[in-house]
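These notes are about the structure you will find just below.
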Amino acid sequence: MNNTSCILEKPKQNRRSILIVEDEEDTASLIRLKFEEERWIVVHAKDGRVASSLIETLSPTSIVLLDMVLPYCNGYELLMEFRNHQNWKHVPIIMISANSYAPDIRKAMQLGASGYIVKADGVDEMRNQIHKVLNAFEMISKKSEDGSLKKESMS
69 MNNTSCILEK PKQNRRSILI VEDEEDTASL IRLKFEEERW IVVHAKDGRV
119 ASSLIETLSP TSIVLLDMVL PYCNGYELLM EFRNHQNWKH VPIIMISANS
169 YAPDIRKAMQ LGASGYIVKA DGVDEMRNQI HKVLNAFEMI SKKSEDGSLK
219 KESMS
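One rule links them: number in my numbering = place in the sequence shown (from 1) + 68.
Here is the structure:
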């Protein structure tokens, strides 16, 4: 199944979009279903190569869910690729992993991850965390657009 062709232009502003970079089909399908139920535009990359090509060809999504362990390159490498790309550098990226090893979490956050979720917490918890991160980013973005963030930081 080719999941990369469903979005090659900027998504409509009233619909959120998510890029899921996950090699485990079952996990990716569960996440996809959760967000499609909420009418999100969902794009899935099954490995590091597909994700890397999407960085160059896909308009940025609202948020990225990035697995730590992938075929062809690891999550850290892709995270840096996202953060170094002009179009993607400000998109919130949540890392997902099967483990909660503190040094991995710390490294992901130092490299620019917006959050870190352990897969064992379940898809509902993932969805909740994604909404929290995205809402925070949207609030910061609105404040910086209208200048209130600058005003608050000057006080």
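Cβ coordinates follow ideal geometry from the N, Cα and C atoms, glycine included.
query                                                                                                                                                                : result
Please report the Cβ distance between K187 and A166, rounded to the nearest whole angstrom; I am assuming they are in contact, meaning their Cβ atoms lie under 8 Å. : 5 Å
Based on Cα-Cα distance, which residue from A96, I109 and S121 lies nearest to N82?                                                                                  : I109
On a Cα-Cα basis, can you pick out the residue from Q178, M177, I198 and S168 that is closest to I99?                                                                : I198
Quick one: what's Y144 bridged to in DSSP?                                                                                                                           : Y144 pairs with nothing; no bridge assigned.
Look at the alpha carbon of E224 and the alpha carbon of R107, and state the distance between them as a whole number of angstroms.                                   : Outside the shown range of the chain, which is 69 to 223, sits residue 224, and nothing can be said about it.
DSSP three-state label for M136, please.                                                                                                                             : coil
Could you check where the beta strand (DSSP E) with S97 kicks off and where it finishes?                                                                             : Counting along the chain, S97 falls outside any beta strand (DSSP E), though it belongs to the alpha helix (DSSP H) covering E93 to E105.
When the Cα atoms are used, what is the spatial distance from T129 to L122?                                                                                          : 11 Å
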